[in-house]
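Take a look at the structure below.
Chains as they are written, first to last, in the working numbering: chain A, 1 to 898; chain B, 1001 to 1479.
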């Protein structure tokens, strides 16, 4: 098998080898230009010699234009492969001559050359309708968004809203008839799982089923969209697309993402529940620190960017940012332009670095939150423009060690979209943004903490005094231990008091500066003094501790401890001397911090880089980019969002390549529907709940997923591209786990907050989106069911592997749930009611677990199984009803949204 | 148009309902594949007649010193204590020759180590071929006439990102990519429908924990523990059922799914799920059997060193590997040496570190080769011994060696690989691969070649693979 025809041959023998090939290859007549030649040239040549570019004035996208040639003359002579320039250049041994050039692509294989040669020898036949590539800017997704008129269709009775008219139109063109509506049980389960990610409760089921089948349907939709659990359900979808990840690294060292990233997750949940428009969500994620610099609640949104932090190297960090802003928000594979001009879309290599330039200045920090003084315990990860003047360079062939320093790359967006370039204006930040210690909670939190320490120290000292209040110990050693302990407690009070004084004085001095009050210099000196006194008091406490240790030490250890006491005494003396001594005129105190820059290690992997201060201005670059992305004239943003929304409601997207709307991506299955949805999204004020409502109330969404009795449809459209039925969907991992907990009555509904750490997950009853989830720490049950990989997950996999069956049979989660569900279903329906008999138990179990009414044969099968379990020798069948529940949890339709 | 990669009707007949078929099921909704006319998923058949059926992939985490294993360099001892600049080999440090380095995570290691450090063990010629192997690997050395040693490997990440790089072929600066085992799993059908076809044993370090990546989680290795009582995640219930009760349950699930299938006919996902349940059931029984050594003779167990404390764990993994290969498992990936970035990472105390680790792996590997060979399995089983990089010719601190990407060794045996061959060479101090240099994907290409797979025919639309990803088979070592 020859992979690479040049392998093993010295370069200069290549032409000779080709000569042999050309002579010896058996010529077969009838190479198909459309099937064999044009796709080959498209893959290998069109990027430079097609609609995108016409290097050397040569186009190879029609047979005619190949013959016509370019600067070097005709590229092909019909019937004469030997003298055809195209072939000569393709097989050339001279690296400067060979096409495609070394850095643009591999050489043609022997088989490919032979095809081309035969085609030319045949006279380069091509059909009359051989058409040139269209202008890349004419790609459907790059054209301005125009709201399409809602079509008039024959099957008007089926149409519930405009969505259905677009779907019906295509069905009618294809001669397809939509299946009937799904039964109420199925619709109800769909509504709940789709909108809140949890199944309906059995108690409410009968009433809900009545409503679904009558005119109560919109009311249920309205209620579920207003349910706070809706935000939790849809946040998880957007967390996939926006690459939510908790931090990870090696051991304790943070290398990727940020600590406390959950603040961004909570912002997503809250924003969705509050109905924050999609465009506003994007703006806040990209630039809340510039748009709302004083509003830390909104600034949480920039976790979207902080998540890309990488400790050791700026380039992967920036590359992830550019790649996923491109793919996730715009449906553009900008990442393809890192090394060279894009091969399919009109995105020159420089555009990649221009987009990077918007992000070049940003850095990450943790802002203090109320009540917490230690950023390791809590803080809000967010971005700020810390390096406004950092230049962006283009990397030659994408190689980071080859920056082209001849020109700084300015921030700019791809020009082909023909929307005005972003208007970049610097943002003057309010003081509390660049002096976060001025946030109103920072100083009170520090004071309260110091106060608390003081109170605790006083209480501890009182306790110590009380303990020592009896008769003094007769044993001098014991007396010495007691005395030392008491002294330590006293010194702790002194230290805590001095520390409180230090915080108070430093706060005073800082306020004096902010308020430009008089007496500032005095307050500064007082703060310096107080801080030095606190340092001395701390040293005094350390000394007391050392002395207490000495008192307790065994006699053979005493000399060693004595050394420590001597050192502590020296430190204390020095601190006291400093505290009492003269003060330099420019002496400064340590300001109370309101935020901590997350250090990078770009320069030296074993030490933090020099710290980056918080500037008074932000470049305004990201604000401008956010405005451009969310500009209603941007043809991509709304289309990409509408496609994501649709995909998650219907189980399949309208554009299969959800992250690539460019020329290498898929075409939309329903182009007009997509444009209508995108227009509707914009005109509703980017209201996602409006789109959710439209979609789940459409006849299309309500279709049955059954293919029964639809042989004619299946013959015409076996893959259901035209949506004549619903696609059944495997439940996402989180919906599956959350449903198990909800059905068993044990789900802990607590919203938000820090993630559940891996060690606590097995016992936790919280919703799955609250589990700690990073590149390195992922929950086994959830990953077994294809939970999102944090690096990229624009679509969930819906794998079917035997490990899932094992998890649904053997995991504690499922077994616990089965027991609780069986017990719940065995309860009487109400006070005074009889406990359900087997048929009632079966009926309820089917409704609750599978969202379906058990048929007679299903009920009979279950009854037979119950009997069979009960007939087993004592103790080996277990609780028959429990076995039934366990079996139903392994039913295909438990893990499937019908 | 939005064409599904394969129609749902052909899906059922295409998939044998074994593991590979189920993995295809994973792609039911993988629409990113959909846009390419003419693209088909792999059939599970080799692309050309294979020489090997299975691969046992032995990977030493942390970086084995090539000089003290399979590429002895007496010049190190001769020039010990001299800086490289003082020796006739000064040109090794020519910056141009060092330029291939690309680090994901720079650390205080990975620096130039200038003072040559003498060999920490002796070496001897072995076999008819007279290939020199260090004295730390006497059991493996007995099999040199079955092995091809490639002494001219290089990689580019001089930190442990190279672990991922050796499995995926890509520097981690480029992102994360499917591993070789995932590609094999993706490309080849099943030889045993009761067992997973891609199994992982041993300790996987921080650098790479998954295999399938963009091929999807269905192509991740299934991690196994060498514990017949509980080999598999979720493989065992805390509240087990009697077989009779389980059978009632299985029958009921089958019947109910069947009844549902009347209302929802032509649903390949349902068919695949039913098959996956039955497969899981069979697997629960097949796996403990595969890992049960009770019918192995004492002689065989001793061959793998199961009676010796240092060898016991690794020996049990290798004996399991042989038993899995016998049962048709395609790719068994065994990582040796946990802790830190990998146990072999001998920044200090190289002698103590490598001699004790070699003691743990040498006899089991020698035993594996002997056992496979006498059972006639070696002909169709390719055994690979690899590590992420070598170690520096110069010393780190008093008695260690640092990471070294410019030259290191890998060997293969069986599965149509020539025996008694040394291919490629490093320079006289083991610094640079200078003869027949090979990047890690050449090892991948060689393995795929022996399995009958053409990696270019495994490409999937929307995922551009580069020339370097495919590598080139090392023809000189293929029999």
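Backbone N, C-alpha and C define an ideal beta-carbon position, used for all residues, glycine too.
- In chain order, 70, 71 and 72 place their CB closer than 7 Å to the CB of residue 56 (chain A), counting only its own chain and leaving out the 5 sequence neighbours on each side.
- Close to chain A, meaning a Cβ-Cβ distance shorter than 7 Å, are the following residues of the segment 1236 to 1257 of chain B: 1236, 1237, 1238, 1239, 1241, 1242, 1244, 1245, 1248, 1249, 1252, 1253, 1255, 1256 and 1257.
- Under the three-state reduction of DSSP, residue 777 (chain A) is assigned to coil, being neither helix nor strand.
- Burial state of residue 396 (chain A) is exposed, judged by a 10 Å Cβ sphere holding fewer than 16 other Cβ atoms.
- When Cβ-Cβ separations below 7 Å define contact, residue 1216 (chain B) makes contact with chain A.
- For the pair residue 565 (chain A) and residue 1176 (chain B), the Cα-to-Cα distance works out to about 54 Å.
- Between the C-alpha atoms of residue 1194 (chain B) and residue 1420 (chain B) there is a straight-line separation of about 37 Å.
- A direct Cα-to-Cα measurement between residue 790 (chain A) and residue 1296 (chain B) gives close to 44 Å.
- Within 8 Å of the CB of residue 1276 (chain B), the CB atoms of chain A belong to 800, 801, 802, 804 and 805, in sequence order along the chain.
- Contact between residue 499 (chain A) and residue 453 (chain A) is confirmed by a C-beta separation of about 7 Å, below the 8 Å threshold.
- Judged by pairs of C-beta atoms under 8 Å, the segment 675 to 695 of chain A touches the segment 639 to 656 of chain A, as three or more such pairs exist.
- For the segment 134 to 195 of chain A, the continuous alpha helix (DSSP H) assignments of 4+ residues that do not extend past its boundaries occur at 162 to 174 and 184 to 195, in sequence order.
- Considering only A:807, A:65, A:691 and A:781, the residue with the shortest C-alpha distance to residue 221 (chain A) is A:691.
- Interface with chain A (7 Å Cβ-Cβ cutoff): residue 1264 (chain B) is included.
- The segment 1123 to 1140 of chain B makes contact with the segment 1413 to 1431 of chain B; the number of CB pairs closer than 8 Å reaches 3 or more.
- With contact defined as three or more Cβ pairs closer than 8 Å, the segment 520 to 528 of chain A and the segment 560 to 580 of chain A are not in contact.
- In the structure shown, residue 1435 (chain B) falls within a strand segment according to DSSP collapsed to helix, strand and coil.
- For residue 558 (chain A), the enclosing alpha helix (DSSP H) starts and ends at 558 to 580.
- Under the DSSP assignment, residue 249 (chain A) falls in the beta strand (DSSP E) whose first and last residues are 248 to 250.
- Secondary structure at residue 253 (chain A): strand, using DSSP grouped into helix, strand and coil.
- Two segments are said to touch when three or more pairs of C-beta atoms, one from each, lie closer than 8 Å; by this definition the segment 1318 to 1330 of chain B touches the segment 1044 to 1063 of chain B.
- DSSP places residue 596 (chain A) outside any alpha helix (DSSP H); the residue lies instead in the beta strand (DSSP E), whose first and last residues are 595 to 597.
- In this structure, residue 1104 (chain B) places its C-beta atom within 7 Å of the C-beta atom of residue 1173 (chain B).
- In the structure shown, residue 1273 (chain B) falls within a helical segment according to DSSP collapsed to helix, strand and coil.
- Residue burial annotation: residue 338 (chain A) is buried, with at least 16 other C-beta atoms found within 10 angstroms of its C-beta.
- In this structure, the CA atom of residue 777 (chain A) is about 10 Å from the CA atom of residue 249 (chain A).
- Close CB contacts of residue 512 (chain A) within its chain, under the 7 Å cut and outside five residues either way in sequence, are with 519, 520 and 523 (chain order).
- Between the segment 575 to 590 of chain A and the segment 525 to 544 of chain A there are three or more C-beta pairs closer than 8 Å, enough to call the two in contact.
- Listed by position along chain B, the residues whose Cβ is nearer than 9 Å to that of residue 133 (chain A) form an empty set, because the closest Cβ is around 16 Å away.
- In the DSSP assignment, residue 1132 (chain B) forms a beta bridge with B:1125.
- Residue 1251 (chain B) sits in a helix when the DSSP states are folded into three classes.
- Proximity of residue 1259 (chain B) to chain A, defined by a Cβ-Cβ separation below 7 Å, is satisfied.
- From the beta-carbon of residue 1151 (chain B), no residue of chain A is found nearer than 8 Å; the closest lies around 20 Å away.
- From the beta-carbon of residue 869 (chain A), the residues of chain B found nearer than 8 Å are 1245 and 1248.
- The beta carbon of residue 656 (chain A) sits closer than 6 Å to the beta carbons of 666 from its chain, once the five residues preceding and following it are set aside; these are given in chain order.
- Scanning chain A for C-beta atoms nearer than 8 Å to the C-beta of residue 1071 (chain B) yields nothing, as the closest lies near 24 Å away.
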